[in-house]
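Visitor:
In our numbering, the protein residues as written are 239 to 408.
(1) In three-state DSSP terms, what is residue 323?
(2) With H, G and I counted as helix, E and B as strand and the rest as coil, what does DSSP make of residue 355?
(3) Does the separation of the CB atoms of residue 376 and residue 385 fall below 7 Å?
(4) Take residue 331 and list the residues in its own chain whose beta-carbon comes closer than 7 Å to its own, dropping the five residues that flank it on each side.
(5) Where does residue 245 sit, in a helix, a strand or coil, going by DSSP?
(6) Kindly indicate the opening and closing residues of the alpha helix (DSSP H) around residue 394.
Written as structure tokens, this is what we have:
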């Protein structure tokens with residue numbers, strides 16, 4: 239039978255061992271982080287050295303025609319890509335819609351007199367198309383949430399077919 243003092247001593251020893259283990263673990267983690275940083279920095283340094291060695295063709299090696307073609311291709315590629323914020327996206331959408339509008343003086347006079355409703359119908363059609371695109375995108379997004387990638391989606395469909403067959407047979 240252990241006495242109260244022996245129990246307290248064992249408890250104190252256990253607490254002390256716990257403190258030592260925590261300290262040693264923290265040291266090991268810090269050392270591991272240092273090693274990882276060194277490896278990462280060495281990799282980055284090696285990568286930049288390698289990138290410098292494999293320099294691309296100098297601009298002077300291209301003909302004017304080749305450079306223009308390359309430049310036009312990249313301008314087209316980056317023209318509509320990526321917006322930093324929603325204001326830029328809204329502005330570009332507005333500009334796109336405005337560029338579609340054509341000025342027709344005869345139509346303008348008809349609308350002014352109250353006889354033409356073509357523009358209103360065009361606007362309604364455009365809004366309906368946008369709504370339909372959003373609905374399709376939303377529907378597509380809901381379908382995609384059940385699978386990680388295309389193969390997983392196919393596998394899930396196969397499982398669903400097998401479940402349906404089992405239900406019919408039961």
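Where a beta carbon is used, it is the ideal one built from N, C-alpha and C, also for glycine.
Guide: According to the structure shown:
(1) Residue mapping note: residue 323 aligns to position 85 of the chain shown, counting from 1. Residue 323 falls in the coil class under three-state DSSP.
(2) Along the chain shown, one-based indexing puts residue 355 at 117. DSSP places residue 355 in coil when its eight states are reduced to three.
(3) By 1-based counting over the chain shown, the position of residue 376 is 138. By 1-based counting over the chain shown, the position of residue 385 is 147. It is not a contact, given that the beta carbons lie outside the stated cut-off.
(4) Numbered from its first residue, the chain shown carries residue 331 at position 93. The answer is none, since no qualifying residue turns up.
(5) In the chain shown, residue 245 corresponds to position 7, counting from 1. Reduced to three states, the DSSP call for residue 245 is helix.
(6) On the chain shown, residue 394 is found 156 positions in, with the first residue counted as 1. Segment 388-407, the alpha helix (DSSP H) holding residue 394.
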